[in-house]
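Novice:
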Amino acid sequence: MDLKSLQKNWDKFGEMDPLWSILTMPDKKGNKWQIEEFFATGMQEINIMMNFIKSLDRAVQFRRALDFGCGIGRLSQSLAHYFEEVHGIDIAPSMIRLARKYNRYSDKCIYHLNEKDNLSVFSNNSFDFIYSNITLHHMEPKYIKKYLREFVRVLEYKGLLVFHLLGEKPSEKKSEFSIVHPAIKLFAYFKEKIKNLSTKKEQVMLEEPTMEAYGIRQEKVIEFLNILGGKILFSIESNYQSINEVFGKFDEWGYIEQVFSSDPEPEWKGYWYIVTKS
Ligand SMILES: C[S@@+](CC[C@H](N)C(=O)[O-])C[C@H]1O[C@@H](n2cnc3c(N)ncnc32)[C@H](O)[C@@H]1O
Numbered sequence: 000m001d002l003k004s005l006q007k008n009w010d011k012f013g014e015m016d017p018l019w020s021i022l023t024m025p026d027k028k029g030n031k032w033q034i035e036e037f038f039a040t041g042m043q044e045i046n047i048m049m050n051f052i053k054s055l056d057r058a059v060q061f062r063r064a065l066d067f068g069c070g071i072g073r074l075s076q077s078l079a080h081y082f083e084e085v086h087g088i089d090i091a092p093s094m095i096r097l098a099r100k101y102n103r104y105s106d107k108c109i110y111h112l113n114e115k116d117n118l119s120v121f122s123n124n125s126f127d128f129i130y131s132n133i134t135l136h137h138m139e140p141k142y143i144k145k146y147l148r149e150f151v152r153v154l155e156y157k158g159l160l161v162f163h164l165l166g167e168k169p170s171e172k173k174s175e176f177s178i179v180h181p182a183i184k185l186f187a188y189f190k191e192k193i194k195n196l197s198t199k200k201e202q203v204m205l206e207e208p209t210m211e212a213y214g215i216r217q218e219k220v221i222e223f224l225n226i227l228g229g230k231i232l233f234s235i236e237s238n239y240q241s242i243n244e245v246f247g248k249f250d251e252w253g254y255i256e257q258v259f260s261s262d263p264e265p266e267w268k269g270y271w272y273i274v275t276k277s
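Residues 0 to 277 in numbering that gives the first Met the number 0 are what the sequence shown spells out, letter by letter.
Encoded structure:
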């Protein structure tokens, strides 16, 4: 799926059921997330991540942070507790609209709509911390690589880049591949709900948005980051045991477990990458 289609799909998700399209627990479909409960998951995630970062014995500066694929700001709002300035960037106008609506930090937290496959809106070496979760695996590997290149470019020397990406299935030989995200099957619900509607706008709603998932094998990601000049500090398989060892209290991230346990391919692996630039 090219970037234009990707944008169209995410924009529609943002119009129809933004919170559930971000955290796709089955019992939350149909706009059933409570907004406070939803943002609390972001606070929990960022607290754990910041505890981990602080334990690394690295002189991380808490000036400027970037949240790539920020959605409605679940993570960037929490990052604003820790950083002087936070930038959230997203491809979907509907998501950015909501992120601005729920922004509690005024111009300390700035949201950008970005329709490009680059981050030209930001200058070189300008972020102390870059974070991206449950975003990169939704785009084709050619775009993932473009954004990884940009992450390293805009990362400050000695800054930290932390992202999650799906990797290989052990049965899969190819280094890059895709599936239709299991969440999309649940979207049939909306089709049923609006099938009798007839205005043009309503007809457009009938076209189901698609959520794809892609992976790149771990060793290929590491090889690519090395070529870009990134220095990999950790690359951790996100099965719960190993993530527990590194991030501390990963079992508190019950929602991540739920998201991935709905995967029809249970052997699909994900990885966290923690990268710096020297
Ligand atoms: C599953 S949501 C995750 C949102 C947020 N990271 C969170 O955890 O709350 C994925 C987000 O990535 C955005 N996205 C997808 N492709 C993108 C791209 N190429 N550039 C920026 N944002 C993108 C979508 O619009 C959507 O808001």
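Ideal placement from N, C-alpha and C gives every residue a C-beta, glycine not left out.
According to the Cβ coordinates, are residue 272 and residue 231 closer than 8 Å?
Specialist: In this structure, residue 231 lies closer than 8 Å to residue 272 by Cβ.
Novice: Compare the beta carbon distance of residue 64 and residue 37 with 8 Å and say whether it is the shorter of the two.
Specialist: Cβ atoms of residue 64 and residue 37: not closer than 8 Å.
Novice: Please state whether DSSP places residue 9 in a helix, a strand or coil.
Specialist: In the structure shown, residue 9 sits in a helix (DSSP, three-state: H, G or I).
Novice: At the level of alpha carbons, what is the spacing between residue 101 and residue 76?
Specialist: Approximately 9 Å, taken between the alpha carbons.
Novice: Are the beta-carbon atoms belonging to residue 17 and residue 93 less than 8 Å from one another?
Specialist: Yes; because the gap between Cβ atoms is below 8 Å, this pair is in contact.
Novice: For the alpha helix (DSSP H) that residue 44 lies in, which residues bound it at each end?
Specialist: It spans 34-53 - the alpha helix (DSSP H) in which residue 44 sits, taken as one unbroken run.
Novice: Quick one: what's got a C-beta closer than 6 Å to residue 127's C-beta in the same chain, skipping five residues either side?
Specialist: Excluding positions up to five away in sequence, the list reads 60, 62, 63, 155 and 158.
Novice: Are there three or more Cβ pairs, one per stretch, closer than 8 Å when the stretch 44-60 is compared with the stretch 124-143?
Specialist: Segments in contact, yes.
Novice: Count the other CB atoms within 10 Å of the CB of residue 73; is the residue buried (16 or more) or exposed (fewer)?
Specialist: With 16 or more other Cβ atoms within 10 Å, it is buried.
Novice: Name the two residues that bound the continuous beta strand (DSSP E) containing residue 74.
Specialist: Looking at the DSSP string, residue 74 is not in any beta strand (DSSP E), and its letter there is neither H nor E.
Novice: In terms of DSSP beta bridges, what is residue 109 paired with?
Specialist: BP columns for residue 109 point to 86.
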